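**Student:** I'd like to ask some things about the structure below.
See below:
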């Protein structure tokens, strides 16, 4: 039995590049030049330019800042919480980024399915426990959770970073599930062969 | 037994107005002049200026746009999903705004506790059912949920609005619980006496 | 869009005072004289006189007895567990009583939404953790939970009080949701201005 | 390995009959004469005479009244919801009563474990679906649930009965788990051989 | 109102003994000769001979082997996890075996409803806590859970036994619920009178 | 930060091939010759030869039989339910097999994360809804679920297959999480480039 035709990038209308405001078009073109394709999250969210701008400003503020977490660790938080939220787009797209950042072709599938069984350090495991609690039961987060992070050498600013990334992808995962956002075919194979 | 001292605005450092970037200070001063006080969400998030800017840009894009939902209905979505997420700051602060927008001193407590029992229209009830599903089980949202909204006269653009507001407050509620954000005392009494 | 007409006190028939047995009528008249109105729980439950008598006898046995818990603390238990059970009537009505008992206009909304973030003492927080466990997972309550209460100076008789109040409002919350019991308009504003 | 000594009737002090108020002692003696033993719920709750009186008045108002449900059906509701609430005392004690009322030695174990697979009528199955919803998610009970009962010939007064029994045993199950109430050995074998 | 006719052994076709492969027929006849009746699990699963053979080979490998757990303790694990999985067939059938193995007419109903309140040793309680975690949240099982078992004198081989029995009955309980497997009437009364 | 050393195949002792019973060694050698490596599930379960034999006999009876489901569809059931059970070994290993069976490099990650958003047919979606219900809430499976499958052309024998595969992997997923079974590195890249 043959598979059905792939879904479009979004269940909502997807704008053409030429119809977009210049700043959005430029951001998309820059991503395309760097990656070789336009990730569907850009096309799906461009349907709403004001929300697009805020979304990516927020994303960059959390994912590209300096701080106590490596870029790879930030992606671990994204992939682990997106797995718990059953968000296909974010698991596939950020899984690719995580593999590349960590130069580890196995890490994304491990973290997405069950971070407790991943080949990560105890410190990273504690980081993901905190992130998972923010993702699933943030109303129970309290002093004991911050203390547990401190026990692994995380500062309270690191705790903000961990929690804020989990919180931002609580939004992002819900937008992807709302819009039926489809991961681009390109992501699946990225970073799956170890770097030399 | 006397109550303990009230918590501060946030468990993280709260900046002084004079130390903030000009654009953030100006936004805060404008809110203060309009409302008579500075809601703690501005102080708590100003600890991270880049995140502050993105957060409020996103908020305004969803809550102040034109569209098929009234401003009161948008606040209903905020209050209902924040109740489900056990977010004290958002229930208290947006409850105040909801009472004012709807000129209804009872609506916020009704919607926050159990929207299924609130004095709202069947159309608004369907709107909140959709929002609650995005808040709690977005991975199950599908065509049948959009069809249910259409049956109440909502367009698919309205569905985006409903879902996106629920998604944005999934982020906001988690940030408030992460930072122990405290609702200002002023919110509790706002809008509790009917407008003449 | 105007709000729909408010719901009646109950989805079941509400008796007229003159048709009620004398003892029930007298209790209701006494409440009316003291409060200035008849809380809808009296009207909704008077539909079944025998159940009415048992309900209020049980209520009084728990809420008006002497013991290690203040009357305000008992109301905290009611409001916290009713919030977890999404019971609009009990959150609104007992929220009013809690504000009055504690002379604190903020406490009810804090406790109803997320007791872990309320301006209460660590002892009261432990009390509400125990009550929440009885409300949601009583089958897991065991020796460790009693020991935690003892660590905050509660006797085992206090533990019975805490657990029994949570258990009684497990009943009460279900009756309110079953009957669509509507909180009276009067409750919403009671106790919202601080006592001098 | 031999089993440990059986637990006492309650983790709280159990009064001696001679020390109880006359009305409570008389009720207990009457039960003892009829049943041949004193069910532990009487001893455990007699620790608090005012609560004892209200509890049994409520119990009798619901379980011994006239109405559209047979006494056996009322016990089905008790056993099904007590199973969902993991309440050992009520499953064992009311399981015995259910077997006797229905003259069916199999019914209690079936209903306690999974009422959907029990040898009951479709009407009784609908009754237990309603009761289970009141027990576990009363905040979602609404018009559609009442309509489903009407489709099986239940009146709205019957719906009150079903819901109120589930609500009362929400209380009762929590008290039993709070007090570690132990089912008497006598219950286990009662009604297990079919009546001739 | 009379009860409906009892359900058949399975919602799927039940083969006649004479139509079964010889090895399966022999096993069934042997059970029948020992027990006096054919437990319905044999008839229901015989619909698929290859699955039947694997199922009982697995069952015997876990339940009849030597090791640190008594046969009664193995049945406790079956009954406790089958109760949590709401599996009527396994609670009733293995409840009977548990009563016989432990020579204790009360143990099965206690463990099936709430193992935390059963008359068992602290060691057995720890065993059932581990089994319940494997049954309900196996993805969270980790080193701390093994350490807790070791603290009660269990070896890691015992931990495998406990977890594997819980895992096998995760399968068995699902097959029983899938096939509407009906417990034989004979099980209900077995082992209910103490052995002399 | 470098990743920690990879976990071993199992937290339990892993036997050497030469020490295994002949039939088990032969099966493992056959797999090794066909696949080029020994999947860790064979090594981890060989610690218990009797359980090993029953496990693979059961697996083969379900996964290699004739019937209304394609081999690819059977793997979809494995991957979807293993994702819901957060089982890393089964998602990674059976994800590889699913990609190969379906000649589709994208399908496994889609189905593992959220089968409702996968590029599959409505009939396959219905199949996975049934499987997910067996995996998570088998006690609620009933006639309506079988009827839904029939509406998509599945026979009741197909329903047994779907449910039995979900049930067998309820066991398998729990064994993998119990033993900390580690997916072999080889699985991650298998089937990720489309067949010509």
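Protein chains in written order, with this note's numbering: chain C, 17 to 212; chain B, 17 to 212; chain S, 17 to 212; chain Z, 17 to 212; chain L, 17 to 212; chain P, 17 to 212. Each residue gets a CB set at the ideal place from its N, CA and C atoms; glycine is no exception. Note that this is a predicted model, so its numbers are computed, not measured.
1) What residues of chain S sit near residue 130/L, judged by a beta carbon separation below 8 Å?
2) Assign residue 52/P to one of three DSSP states: helix, strand, or coil.
3) With a threshold of 8 Å between beta-carbons, can residue 179/C be considered close to chain S, or not?
4) Give the residues of chain B in contact with residue 191/C, contact being defined as C-beta atoms less than 8 Å apart.
5) Could you say which of 116/C, 128/C, 93/C, 118/C lies nearest to residue 107/C if we only look at CA atoms?
6) Just to confirm my understanding: we take residue 22/P, look at its own chain, exclude 5 residues before and 5 after, and list those with CB closer than 6 Å. What are they?
7) Whole angstroms is fine: what's the gap from residue 92/B's alpha carbon to residue 144/B's?
8) Just the chain P side, please: which residues come within less than 9 Å of residue 103/L by C-beta, in chain order?
9) If you compare alpha carbons, which of 88/Z, 104/Z, 152/Z is closest to residue 133/L?
10) Going by the CB atoms, is the gap between residue 204/P and residue 208/C shorter than 8 Å?
11) Beta-carbon separation of residue 77/B and residue 67/C under 8 Å?
12) Nearest to residue 65/Z by alpha carbon, out of 53/Z, 36/Z, 85/Z?
13) Please report the distance separating the alpha-carbon of residue 20/C from that of residue 189/Z.
14) Can you give, in chain order, each stretch of the alpha helix (DSSP H) that sits fully within the segment 122–209 of chain S and has at least 4 residues?
15) Looking only at its chain, what residues have a beta carbon closer than 6 Å to the beta carbon of residue 59/Z, apart from the 5 residues adjacent to it on each side?
16) Within 8 Å of any Cβ in chain B, is that where the Cβ of residue 107/S sits?
17) Exposed or buried, which one is residue 86/P when buried takes at least 16 other CB atoms within 10 Å?
18) My guess is that residue 130/C and residue 102/P are in contact by the Cβ rule of under 8 Å, so how many angstroms apart are they, rounded?
19) Which residues mark the beginning and the end of the alpha helix (DSSP H) in which residue 114/Z is found?
20) Determine the closest residue to residue 180/B out of 195/C, 160/C, 49/C, with distance taken between C-alpha atoms.
21) Please confirm whether residue 158/L has its beta-carbon closer than 8 Å to some beta-carbon of chain C.
22) Give me the Cα-Cα distance between residue 32/S and residue 174/Z, rounded to the nearest whole angstrom.
23) Does DSSP put residue 87/B in a helix, a strand or coil?
24) Use the C-beta contact count for residue 201/L: other C-beta atoms within 10 angstroms, 16 or more gives buried, fewer gives exposed.
25) Can you tell me whether residue 109/P is buried or exposed? The criterion is at least 16 other CB atoms within 10 Å of its CB, across all chains shown.
26) Is the Cβ-Cβ distance between residue 187/C and residue 186/B less than 8 Å?
27) So what's residue 62/S in DSSP terms, helix, strand or just coil?
28) Helix or strand or just coil, what does DSSP make of residue 81/C?
29) From this set, 81/C, 28/C, 84/C, 74/C, which residue's C-alpha is nearest residue 62/C's C-alpha?
30) Do residue 199/Z and residue 168/Z have their beta-carbon atoms positioned less than 8 Å apart in this structure?
31) Within 10 Å of its beta-carbon, does residue 17/S have 16 or more other beta-carbons around it, so buried, or fewer, so exposed?
32) Taking 8 Å as the threshold (C-beta atoms), are residue 206/B and residue 57/B in contact?
33) Give every residue of the same chain whose Cβ lies closer than 7 Å to the Cβ of residue 100/L, excluding the five residues on either side of it in the sequence, and list them in chain order.
**Tutor:** The structure says:
1) Here residue 130/L corresponds to residue number 114 of the fifth chain, with the count starting at 1. Those within 8 Å of residue 130/L in chain S are 155.
2) Along the sixth chain, read from residue 1 onward, the residue named residue 52/P stands at position 36. Residue state, collapsed to three classes: coil.
3) Within the first chain, numbered from 1, the residue matching residue 179/C stands at position 163. By this cut-off, residue 179/C is not an interface position.
4) Here residue 191/C is taken as the residue at index 175 of the first chain, counted from 1. Ordered by position in chain B, the residues that pass the 8 Å Cβ test against residue 191/C are 179, 180, 183.
5) If you number the first chain from 1, residue 107/C lands on position 91. Nearest C-alpha to residue 107/C: 128/C.
6) Locating residue 22/P in the sixth chain gives position 6, where the first residue counts as 1. Closer than 6 Å at the Cβ level, and outside the excluded window around residue 22/P, lies no residue.
7) For the purposes of this step, residue 92/B is taken as the residue at position 76 of the second chain. For the purposes of this step, residue 144/B is taken as the residue at position 128 of the second chain. If you take the alpha carbons of residue 92/B and residue 144/B, they lie about 8 Å apart.
8) Along the fifth chain, one-based indexing puts residue 103/L at 87. Correct list: 154, 155.
9) Within the fifth chain, residue 133/L is the residue found at index 117, counting from 1. Checking every option, the nearest Cα to that of residue 133/L belongs to 104/Z.
10) Along the first chain, read from residue 1 onward, the residue named residue 208/C stands at position 192. Along the sixth chain, read from residue 1 onward, the residue named residue 204/P stands at position 188. Yes, these two residues count as a Cβ contact at 8 Å.
11) Here residue 77/B refers to the residue found at position 61 when the second chain is read from its first residue. Here residue 67/C refers to the residue found at position 51 when the first chain is read from its first residue. Cβ distance < 8 Å, so residue 77/B and residue 67/C count as in contact.
12) By 1-based counting over the fourth chain, the position of residue 65/Z is 49. Among 53/Z, 36/Z, 85/Z, the Cα nearest to that of residue 65/Z is on 36/Z.
13) Position 4 of the first chain, counting from 1, holds the residue named residue 20/C. Position 173 of the fourth chain, counting from 1, holds the residue named residue 189/Z. So the two alpha carbons sit approximately 51 Å from each other.
14) 123–130, 138–153, 159–166, 172–195
15) Here residue 59/Z corresponds to residue number 43 of the fourth chain, with the count starting at 1. Contacts found: 25, 30.
16) In the third chain, counting from the first residue as 1, residue 107/S sits at position 91. Chain B contact via Cβ: present.
17) Here residue 86/P refers to the residue found at position 70 of the sixth chain. Label assigned to residue 86/P: exposed.
18) For the purposes of this step, residue 130/C is taken as residue 114 along the first chain, with counting starting at 1. For the purposes of this step, residue 102/P is taken as residue 86 along the sixth chain, with counting starting at 1. 4 Å between Cβ atoms; contact.
19) The residue given as residue 114/Z occupies position 98 in the fourth chain. Looking at the DSSP string, the run of the alpha helix (DSSP H) that includes residue 114/Z is 104–118.
20) Stepping through the second chain from its first residue, residue 180/B is reached at position 164. Minimum Cα distance to residue 180/B is reached at 195/C.
21) As a working note, residue 158/L is residue 142 in the fifth chain. Residue 158/L counts as touching chain C.
22) Counting from one through the third chain, the residue named residue 32/S turns up at place 16. Counting from one through the fourth chain, the residue named residue 174/Z turns up at place 158. Taking the straight line joining both Cα atoms gives about 22 Å.
23) By 1-based counting over the second chain, the position of residue 87/B is 71. Residue 87/B: helix per DSSP, three-state reduction.
24) Here residue 201/L is taken as the residue at index 185 of the fifth chain, counted from 1. Exposed is the call here.
25) For this step, residue 109/P is matched to residue 93 along the sixth chain. Its Cβ being crowded by 16 or more others within 10 Å, residue 109/P is buried.
26) Within the first chain, numbered from 1, the residue matching residue 187/C stands at position 171. Within the second chain, numbered from 1, the residue matching residue 186/B stands at position 170. Their beta carbons are under 8 Å apart, which means residue 187/C touches residue 186/B by this criterion.
27) Residue 62/S sits at position 46 when you count from the first residue of the third chain. Coil, per DSSP.
28) Taking the first residue of the first chain as 1, we reach residue 81/C at position 65. Coil at residue 81/C, not helix or strand.
29) Numbered from its first residue, the first chain carries residue 62/C at position 46. The candidate whose alpha carbon is nearest that of residue 62/C is 28/C.
30) The residue you call residue 168/Z lines up with position 152 of the fourth chain. The residue you call residue 199/Z lines up with position 183 of the fourth chain. No, the Cβ-Cβ distance between residue 168/Z and residue 199/Z is not below 8 Å.
31) In the third chain, the residue the question calls residue 17/S occupies position 1. The predicted position of residue 17/S is uncertain, since its pLDDT is 44 and thus under 50; no value can be drawn from it.
32) Taking the first residue of the second chain as position 1, residue 57/B is located at position 41. Taking the first residue of the second chain as position 1, residue 206/B is located at position 190. No. Outside cutoff.
33) Residue mapping note: residue 100/L aligns to position 84 of the fifth chain, counting from 1. The residues are 148, 151, 152.
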